[in-house]
Every structure is written in structure tokens, then in C-alpha cells.
């Protein structure tokens, strides 16, 4: 039969039972809409995770000061610094390591004029910027010589700039931390949230020596809380972790069988775990939504079976005047596919609209991708063919005389 | 072309009943119909005449014997080949008109052409011309239900004619019509037969209708009881 005629007949049949067609379509509308919305939410979550992973820097280890035992009391990781600037230097000389940065963070009040802001003030070295893939958007970074001489200079994160300076240009201004004046040398680029939801821009960086000698006292001279290590590539991560452990155990004179006084965490592995969790989540969302597509398909099959029974006599007439089995099969298959396609077209529009509404309501990122639309649409078409086929075949296999006699 | 249009050889049809006993409807039917004949198959209800008609129209298959249409043994043809044969050779006219209620009169008439693979423009054109011919030119875009019974039957006749069939099979074509309309419809069949040389076979139980034909086959209890000239078998109307 000719394509135009198939379309016309399908349309005619859909129009003849408007309410029924609409209700059947509704199943597909909801199914496709749900798939698109769920995939959009999943995509959004994945994008957010990927952004925070990228903001963390790649191929990262973090070496934390270990637990220590003081008078029988075991203290948690990082409570007592066991890592030294010398450790950091030694790690930097490993072949697998491309950059290394020690850090001693503390919380402190930062004051500029009438404004003040409590933030994380971390003593570190300039290589921290390289390790974290952190850019300077204004001014400049402090240098190794600033670290050697303990200059009073700071780099401000975006959140700190916003809270202390507002629209004012902070470069060259002086802020006060614990009543000491510090020159603002540069501004750090925006990083956004970390994987655990911390605001990474709420931070102040300064030379580690300055922090230790002039800000936070001298309880553990030359000691740092943690060391961030960047490996040369993802491939050498495992090897780097092993040599790192060996090196530090040697430097800390830890004997065989004795517990480490530090711990090494592979941040990239953690990030990948987070990423795969979100991926699994969004896949699950999509899978649950596609169940409604399946239900919509069953609705189509149901209504097509009714339609075939109702129109048995019509099928008989068509067969009598020369319709072959294929003509009848195509006629009903087309009708099912048209219901499913028109339904999914409306579903696509509705899905995109609800995704937009969703992203406007909440703070979650919702991303509608072309591939998710094509996927939903393709699945819907396949559902139409799959669930339309059985009723259509049932119609085509009627014997002409039986169909014609049907009352 | 030497073969007769219709040849039935020892046709038999049985229906299996629920008890597993087979119930014969047609027995040992033998006859042939040549091109250009106007034949009535007459019988009471339950005589098997409609079953015979369905077999002649390739809608049903005999359980015994052979049925040759245009020289072809229909028992050897596939379902789709039979459909093509019906499309090309046969035009059906039913008692209940059997028009599709949802599509226009014009589309109803053109429907057989759709299955013959004819293009849309030609379908419309031929259907319109044929409707004009049966006197329904102004009704092309109405729905069948908006027409009277006689008009509907004329639409059905137009549909039967659209693909230039050799054989028109009419099953009680006047069963739902009043006497005057019946006479008009029968006149149409006579014109088709005499004027256009189309073979017409009609099934009826009314002697008045059968009288319009040339040849009469009387079926009683699934067998052919008489087969001869209508005028001789029925005599003159009382």
C-alpha cells in the first residue's frame, strides 16, 4: 500500500476515536517525558560531579599527617602534624611526581576596612596552584623566594574577595589577619564546590613559612598538616603511591610491621568512585522512567487489540476487495506507530518543559541533551512497532470469510 | 481465454461441529459459467447458496473438489495470490452494502485501486468518473451513512466496477431494498451484463429477482437441483 494512504488511514482511525487515542497517547507522553526529565536530572548531576572533579585537579594524592598516640590517647589523622616541609621536598624529587605542595590550613578572621570574614587560611607553596590546576585571575602569585623569606603576602579566593571588597579592586590593598597586615598579591580563579560540598573559593593562601612563623605560632616548627601530590599521569598513579609510601616510611623511620604515622589518599580514585556513583544513579533514573514507556507500549497494544476486534468487519471488506495480509498488517502497524510517535513528540516537548521548570525551581543542574531526546524518541518508535505488531498480525491473519461474517 | 471463467469440479464443503461430527453444506457441485453469462444462484436459506458464493469469490475454500477461476486452480494459490485475484477479477456486491463508514463515498469506491497500487490522482479521477456514471456524482464527498440504501448499493456497485472486473458476484444485492429500488439495481446489473459484457452471478431467494437473469442454478440441500434457462425453469411471472 502507498505511504500517503497509510498515513491518511492512520490519521482517520486516530480521529475517529479521539478520546481513546488521546488516552493511549498519554501513556507515551508520560513515558517519554519522564525519560527525558530523568535523563536530564542524571546528566545534570554527572556534570556537577565532573566539574568538581575537574576543579580539584587531576592525578592527585593527598598525604595526611597520621594519627599519633599521646599518653595512651589515640588522636585522629592530621591532629598532630607528622609531615615536614622536608618530606614535601623529598616527594617532589620522585620521578613519578610532577608537583607537590604542602599545606597548613587554619581558620582565621580576615579584616579589610569595616568588613571581616572568617575563612580558611592555608600556608603553602606556589606549586599549590599547579597541583590544584588553580589559575590566578588578577595580580600574581607569591614566589619561592617569598616562601624562603616569609613575606606577608596573600592570595584571596573569590568568596573572600566578594565578602571583604565587594566591587573594590583588592590588588595592592592590605588585609589584616590576627592583627598583622598582609598585602594582597593576587586573586584565585573560581573553583566552585568541592565533591563534599565545601566552597573551595572560601580560602586565603599565603607562604607556608609566613603562616607558621607569624600567624599560627610555632608549636610544631617546619611541620605541615598535609601534602598534596600531583602524579605525572594517571598511569603512574599506582606506582607513585607505592614509592611515596616507601619514601615516607624510610624518612619517618617506621619499621616493618609498625603503623604509619601518615596516610596517603588517592583523590582521583575517590573522585572516580563519586563519578561512577552518579552515573549509576542517573542510569537507574533512566531505567525507572523507561518502565513507564513500557507501560505506555502495553497501553497501545491493548487499544490496538480492541481496535482490531471492533474493525473485524472492515478488515473483511478490505480483504474481499483485494487487500493482502501485508496491507492489513501495515495499516494497523502504522496506526500504532503514529499514536506512539505523536505521543512521544508531545512527550519530548513536555519533558523539555518540565526539565526547564525543574532547573528553575531547585538549585540542581538539569541538562537536556540531544542524545537523550533521540534515545527517548527512538525507544518510543521501537515500542510502537513492538507492541503494535502483535495486534496488526492478528488482524492480517484473519480469514476473509470469518472477518466478513463478523457481527 | 479458452477456459471458462468459472469451473467447479466436485465441490464439497463440510463444517466440523463441536461434537466432532462433520456437517455437509455443499455436495458434489459441478458446473461452469462462461464469460458474458448472467446467472442466478437460487435457494432457500440454509441451502448452501451463500457458501457456494463465498467459494466462487475466493473468500472461502472448499473442503473437497476443485474450483478453477479464469483457468487457475484456486486451491493451489496462496492467500495473497487469492487477494490479488479478487482485486483484479472480481467485484463484490453484498446485501448489507459493506461500505467503510468512516471514509467518503469517493474513497470507498477507490479502495480496490489502493490495493492494486494505483496512484492517488488516478484513484480519485476514476472513482469520480464512475460515481458520475451511477448517478451519484454529487455525493462523492459524503459519508456512506448519509446516503439512502439504494444509493449505498450503487456506491458498492461502483466500487465493484472500479478495477474493471470480469466477474461481479452479488450476494442478495436487493435484500435490504424496496421493490422499486430493487428493480433499478437489477436494471443496472442487466446493463452491465449486456452493455459491457461483464459476467454477473447473483445469489437470491426471490424468484422475481432471479427472473432478470438468463440462467438459473437452483441449490437445494447443498446440491444442484436445476441448472438451465431462467425463463424455462421459472416460467412467466404470475
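Chains as they are written, first to last, in the numbering used here: chain C, 102 to 508; chain V, 18 to 255.
Note that beta-carbon positions come from the ideal geometry of N, C-alpha and C, so glycine has one too.
Values in this document were obtained by computation on a predicted structure and should not be read as measured data.
Taking a C-beta cut-off of 7 Å against chain C, none of the residues of the region 141-158 of chain V qualify. Under the three-state reduction of DSSP, residue 161 of chain V is assigned to helix. Residue 219 of chain V has a beta carbon lying at 8 Å or more from every beta carbon in chain C.
Within a 10 Å sphere around the beta-carbon of residue 479 of chain C sit fewer than 16 other beta-carbons, which makes this residue exposed. Ranked by Cα distance from residue 156 of chain C, the first of C:395, C:447, C:130, C:291 is C:291. Taking a 10 Å sphere around the C-beta of residue 66 of chain V, we find 16 or more other C-beta atoms and assign the residue as buried.
Only residues of its own chain outside the window of five on either side were considered, and among them 74, 177, 186 have a CB closer than 7 Å to the CB of residue 109 of chain V, listed in chain order.
Excluding five sequence positions before and after residue 287 of chain C, the CB atoms of its chain that fall closer than 6 Å to its own CB belong to 237, 240, 241, 242, 256, given in chain order. For residue 109 of chain V, the residues of chain C that pass the 7 Å Cβ criterion are 421, 422, in the order they occur in the chain. Under DSSP, the beta-bridge partners assigned to residue 243 of chain V are V:235.
Apart from sequence neighbours up to five positions away, the residues of its chain that approach residue 328 of chain C with a beta-carbon distance below 8 Å are 163, 164, 184, 188, 189, 192, 201, 202, 203, 204, ordered along the chain. Ranked by how close their Cα comes to the Cα of residue 408 of chain C, the residues C:208, C:211, C:492, C:301 have C:492 in first place.
Its chain contains 151, 152, 153, 202, 205 as the residues whose beta carbon lies nearer than 8 Å to that of residue 171 of chain V, once the 5 sequence neighbours on both sides are disregarded; these appear in chain order.
Annotation: the continuous beta strand (DSSP E) that includes residue 363 of chain C extends over 363-367. Contact annotation: the region 448-458 of chain C does not touch the region 484-499 of chain C, with fewer than three C-beta pairs closer than 8 Å.
For residue 364 of chain C, the closest alpha carbon among the candidates C:503, C:385, C:326 is that of C:326. In the DSSP assignment, residue 204 of chain V falls within the alpha helix (DSSP H) that extends over 196-213. Under a criterion of Cβ atoms nearer than 8 Å, the residues of chain V adjacent to residue 117 of chain C are, in order, 119. Exposed is the label assigned to residue 410 of chain C, since fewer than 16 other Cβ atoms lie within 10 Å of its Cβ. Ranked by Cα distance from residue 424 of chain C, the options C:508, C:467, C:209, C:498 are led by C:498. In this structure residue 123 of chain C is exposed. Its beta-carbon is surrounded by fewer than 16 other beta-carbon atoms within 10 angstroms. The C-beta of residue 137 of chain V comes closer than 8 Å to at least one C-beta of chain C.
The contact set of residue 426 of chain C on chain V, defined by CB atoms closer than 8 Å, consists of 96, 97, 100 in chain order. Identification of chain C residues near residue 73 of chain V by a Cβ-Cβ cut-off of 9 Å yields none; the smallest Cβ-Cβ distance measures about 12 Å. Taking each of V:47, V:37, V:21 in turn and checking the Cα distance to residue 236 of chain V, the smallest one comes out for V:47. DSSP places residue 225 of chain C in the uninterrupted beta strand (DSSP E) bounded by 216-225. Rounded to whole angstroms, residue 115 of chain V and residue 420 of chain C show a C-alpha spacing of 12 Å. The alpha-carbon separation between residue 135 of chain C and residue 106 of chain C amounts to approximately 33 Å. Secondary structure at residue 327 of chain C: strand, using DSSP grouped into helix, strand and coil. Against chain V, the beta carbon of residue 106 of chain C has neighbours under 8 Å at 131, 137, listed in chain order. Pairing residue 332 of chain C with residue 166 of chain C gives a Cβ-Cβ distance that is not under 8 Å. DSSP places residue 108 of chain V in the uninterrupted beta strand (DSSP E) bounded by 107-110. The three-state reading of DSSP puts residue 147 of chain C in helix, counting H, G and I together. Looking at the DSSP output, residue 31 of chain V shares a beta bridge with V:41.
A residue is called buried when at least 16 other Cβ atoms come within 10 angstroms of its Cβ; residue 142 of chain C meets this threshold and is buried.
With fewer than 16 other beta carbons inside 10 angstroms of its own, residue 208 of chain V counts as exposed.
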